[in-house]
Amino acid sequence: MQPQLKSKVRCTDGEVGEVSKVIMDPLSHDVSHLVVSMNGEGERQVPMGAVLTVANDVVELRSSSSEILRLPPFMREDYVTLHEVEIPGLERHIHVTPGEVLVPFPELERNVKRRIFFAKLTYATGLFIGLPLVFPVMKFLMKPMYASLDNRWLKIGNTGKVKTDDVGVQFQYKRTVKEAYLPEAEIEKNVWLVKATSSVLEKVYQGKDMEFRDATGRAVWTNKKDMPYLAFSGKCPHLGCAFKWRKHKVLGQVFLCPCHLSIYDASGKVLDGPAPRPLDLLPIQVSANGDVQIIDMEFKAGTKSQTRIV
Amino acid sequence: MNDTPSSGAQPTVAEKVFTFVDERVGLKLLAAKMLNEAVPGGSRWAYVFGSILLFIFGMQALTGVLLMFYYVPTADHAYASTQFILHDVDYGWFLLSYHFWGSSAMVLCVFAHMSQVFLWGAYKKPRELIWLVGLLLFAIVMGFGFTGYLLPWDQRAYWATTVGVEIMDKMPVLGDFMARFLKGGATPGQMTLSRFFVIHVMVLPASLIALAGLHLFLFRCAGPAGPFRGTPTELKAKTDYFFPRQIWKDVVGMAVVFACISAMAFWEPVVLLEEATPDPGDYHPEPEWYFLFMFQHLRLKMFSGEFGQFLGSIGLPSALGIMLVLLPFFDRDSERNIFKRPLALIGWVVLTASILLFTVSAIINRDFLD
Numbered sequence: 000m001q002p003q004l005k006s007k008v009r010c011t012d013g014e015v016g017e018v019s020k021v022i023m024d025p026l027s028h029d030v031s032h033l034v035v036s037m038n039g040e041g042e043r044q045v046p047m048g049a050v051l052t053v054a055n056d057v058v059e060l061r062s063s064s065s066e067i068l069r070l071p072p073f074m075r076e077d078y079v080t081l082h083e084v085e086i087p088g089l090e091r092h093i094h095v096t097p098g099e100v101l102v103p104f105p106e107l108e109r110n111v112k113r114r115i116f117f118a119k120l121t122y123a124t125g126l127f128i129g130l131p132l133v134f135p136v137m138k139f140l141m142k143p144m145y146a147s148l149d150n151r152w153l154k155i156g157n158t159g160k161v162k163t164d165d166v167g168v169q170f171q172y173k174r175t176v177k178e179a180y181l182p183e184a185e186i187e188k189n190v191w192l193v194k195a196t197s198s199v200l201e202k203v204y205q206g207k208d209m210e211f212r213d214a215t216g217r218a219v220w221t222n223k224k225d226m227p228y229l230a231f232s233g234k235c236p237h238l239g240c241a242f243k244w245r246k247h248k249v250l251g252q253v254f255l256c257p258c259h260l261s262i263y264d265a266s267g268k269v270l271d272g273p274a275p276r277p278l279d280l281l282p283i284q285v286s287a288n289g290d291v292q293i294i295d296m297e298f299k300a301g302t303k304s305q306t307r308i309v
Numbered sequence: 000m001n002d003t004p005s006s007g008a009q010p011t012v013a014e015k016v017f018t019f020v021d022e023r024v025g026l027k028l029l030a031a032k033m034l035n036e037a038v039p040g041g042s043r044w045a046y047v048f049g050s051i052l053l054f055i056f057g058m059q060a061l062t063g064v065l066l067m068f069y070y071v072p073t074a075d076h077a078y079a080s081t082q083f084i085l086h087d088v089d090y091g092w093f094l095l096s097y098h099f100w101g102s103s104a105m106v107l108c109v110f111a112h113m114s115q116v117f118l119w120g121a122y123k124k125p126r127e128l129i130w131l132v133g134l135l136l137f138a139i140v141m142g143f144g145f146t147g148y149l150l151p152w153d154q155r156a157y158w159a160t161t162v163g164v165e166i167m168d169k170m171p172v173l174g175d176f177m178a179r180f181l182k183g184g185a186t187p188g189q190m191t192l193s194r195f196f197v198i199h200v201m202v203l204p205a206s207l208i209a210l211a212g213l214h215l216f217l218f219r220c221a222g223p224a225g226p227f228r229g230t231p232t233e234l235k236a237k238t239d240y241f242f243p244r245q246i247w248k249d250v251v252g253m254a255v256v257f258a259c260i261s262a263m264a265f266w267e268p269v270v271l272l273e274e275a276t277p278d279p280g281d282y283h284p285e286p287e288w289y290f291l292f293m294f295q296h297l298r299l300k301m302f303s304g305e306f307g308q309f310l311g312s313i314g315l316p317s318a319l320g321i322m323l324v325l326l327p328f329f330d331r332d333s334e335r336n337i338f339k340r341p342l343a344l345i346g347w348v349v350l351t352a353s354i355l356l357f358t359v360s361a362i363i364n365r366d367f368l369d
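Chains A and B supply the protein sequences, listed in that same order.
Quick note: the first sequence uses numbering that gives the first Met the number 0, first residue 0, plus one each step.
Quick note: the second sequence uses numbering that gives the first Met the number 0, first residue 0, plus one each step.
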């Protein structure tokens, strides 16, 4: 039990005064000293070590009254009040006042049932306002997220640019995009063309034509297995960076992605690095005069199988 | 209370205003309560990082608001308006560069702050909630970095975002939705810029202010942990209040950080790369330095293939995050001395060393790309 304010203080040789103040230790949260008002002879600061017992309204000390009187007088200016200092959780630790300060509960507030009812009603009203908002807000934010796929053929250049077999040649092209209400804009993109020898073609197509389907499963285009031009999407299937055709010390001429160092050969096969699948082939057609057209597709990076997103 | 005794002289206008406000809101009491907080074991330089972070955030908010006077968050104006700030607006180069280097300072100080709390064992009971809210704040700071550097709309911005969002896409179940949600479509464009802008200038600052407030409130509820060595008597003998010694150290720390950021802004002002396009030309995409270690470790052979990549980009970082969240609940030993917690010490050293190692190797790797 903590000594209370106003408790009588009794020494070995009789009562000497009452507890006028209590001093806390800010670190341990314990009462460290009592300040005893010495029946008109000033105040003395008594350490808790000198306290023998603490009862409801009496504090008994081990010392005699003359010993207590010899203690130095209490210095108020060495202390601040509880209101002027931040000590976490002090209210939970201190029980030294001889009583409580109370405020009456208003008459209308004494019906406990109604309080609970109103608390629940508050939550219900909150839900009534909030829940109907969830769907519209989500739809509002999701508006541009799932655009339909576009299977237009884009002209990207002429095969005259490709001089050597089994070498990656970059074709830059512009693609128009229309976002939301904005006017149509052009963005620059690129694909890599390879004029493949039959061995590379065999590696790519493995003797079968390659069919491209849209989301509904309808066939969009078929790349014939003996058509020598391959078009690779410019997006690295590892994490979506842009790869390049580079000379590698050991592997020779390869596609190299400078981001995470995935390396692919001319057929798009992964030679080294973290990529989970070969480069993505695009639908391609080459006209008699060498004009190249592709369908601009992009696939989700980082997955073993292809998921088309553009 | 220590009301000043009336000296007989007429109060000045300032004193009258102060008294007017004090009577209504209890200013003196509030100030006393704010400043008279016992710091067990006394003030220390190691405790300055929290205050410094608050200071850096304040400066980021200030410079950020100033930048918005000229910056236009649209795909066809973002780049030009940023260049305008850099080259035409008086001191624009300084404010933008301060904002840029401020973000680096923020990441460094967050790391220092978290390390201090970790090494001092200050996350332990009863301070678990402060730690948890702190982790959320850490995530917000990284979010600031990630959303911030898309805004200039240059090549670095575009590619860092492309890769960053692809990484997010690897999250199980929610990944695809999250990636599209952030991009506002399948590929980065105007919708992405709008979204990142709103997140950077509204959502994250609001969350940070709210959570930092909660962080401080919880800190005040639990009180400072103090040093991990020393008997109660020794601690008590060295204990002082937050004001003036700790505040003085904090202020010196802020001044040093301010000087460093200003110096960096002055000597290494922001230079934009070319305007963003889905065709990077000769540019080798690379994220900001504080994401470099992540970028570099994804190059490892062990993180190849679909599963390896999931492991490297989502699995490991999440595992680390979950470990940090659970830390105060598993580590229930009340021992706070780091030299008596070998596992914690080794863990911290290994993590810090590997972050350093991967960052440095990413930088060295640059030379081999051309």
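Ideal placement from N, C-alpha and C gives every residue a C-beta, glycine not left out.
What you are looking at is a predicted structure, and each value in this text was computed from that prediction instead of being measured.
- For P87(A), the residues of chain B that pass the 7 Å Cβ criterion are R219, C220, A221, G222, in the order they occur in the chain.
- Segment contact: the segment 139 to 154 of chain B against the segment 223 to 240 of chain B, fewer than three CB-CB distances shorter than 8 Å; contact not assigned.
- In this structure, the CA atom of L4(A) is about 35 Å from the CA atom of R228(B).
- Proximity to E201(A) across V15(A), C240(A), A265(A) peaks at A265(A), based on C-alpha coordinates.
- In this chain, S303(B) is not harboured by any beta strand (DSSP E), its DSSP state being neither H nor E.
- At a cut-off of 8 Å, the C-beta of Q252(A) has no neighbouring C-beta in chain B.
- Of K142(A), A230(A), T302(A), the smallest CA-CA separation from Y172(A) is found for A230(A).
- Bridge pairing for F231(A): W191(A), L280(A) [DSSP].
- By the rule that beta-carbons nearer than 8 Å mark a contact, Q154(B) does not touch chain A.
- Contact of I186(A) with chain B by beta-carbon distance below 7 Å involves T276, P277.
- Rounded to whole angstroms, the separation of the alpha carbons of R23(B) and V111(A) is 34 Å.
- Interface criterion not met: the Cβ of E127(B) is under 8 Å from no Cβ in chain A.
- Legend: CB atoms of the segment 12 to 36 of chain A lying less than 8 Å from CB atoms of chain B belong to residues D24, P25, L26, S27.
- Each residue's CA atom was taken as its position, placing P46(A) and E76(A) some 18 Å apart.
- Contact fails between the segment 94 to 101 of chain B and the segment 18 to 36 of chain B, because fewer than three Cβ pairs, one in each stretch, are under 8 Å apart.
- Non-local C-beta neighbours of P227(A) in its own chain, meaning closer than 7 Å and more than five positions away in sequence, comprise K194, A195, L200, ordered along the chain.
- Counting along the chain, the unbroken beta strand (DSSP E) around P46(A) starts and ends at 42 to 46.
- Beta-carbon to beta-carbon, S63(A) and T11(A) are separated by about 5 Å, close enough to satisfy the 8 Å threshold.
- For G49(B), the enclosing alpha helix (DSSP H) covers residues 48 to 67.
- For the segment 266 to 282 of chain A, the set of positions with a beta-carbon nearer than 9 Å to some beta-carbon of chain B reads V269, D271, G272, P273, A274, P275, R276 in chain order.
- Within a 10 Å sphere around the beta-carbon of Q245(B) sit 16 or more other beta-carbons, which makes this residue buried.
- V95(A) and P2(A) do touch by the CB rule: their CB atoms are close to 7 Å apart, below 8 Å.
- Secondary structure of I22(A) (DSSP, three-state): strand.
- For M74(A), no Cβ of chain B is located within less than 8 Å of the residue's own Cβ.
- Sequence-ordered contacts of the segment 233 to 245 of chain B with chain A read L234, K235, T238 [C-beta pairs closer than 7 Å].
- Between F257(B) and T11(B), the alpha-carbon positions lie close to 35 Å from each other.
- Approximately 6 Å separates the beta-carbon atoms of A275(B) and Q154(B); this is inside 8 Å, confirming the contact.
- Beta-bridge partners of N38(A) (DSSP): none assigned.
- In the DSSP secondary-structure assignment, F117(A) is not bridged to any residue.
- Rounded to whole angstroms, the separation of the alpha carbons of W92(B) and K27(B) is 42 Å.
- Taking the C-beta atoms as reference points, G63(B) is found no nearer than 8 Å to V197(B).
- Here G307(B) carries a helix assignment [DSSP, helix/strand/coil].
- For N157(A), the uninterrupted beta strand (DSSP E) run begins and ends at 152 to 157, by DSSP.
- Under a criterion of Cβ atoms nearer than 7 Å, the residues of chain B adjacent to K299(A) are, in order, D168.
- Taking C-beta separations shorter than 8 Å and ignoring five residues to either side along the sequence, the partners of R151(A) in its chain run I294, D295, following chain order.
- Among the CB atoms of chain B, one or more fall inside 8 Å of the CB of G233(A).
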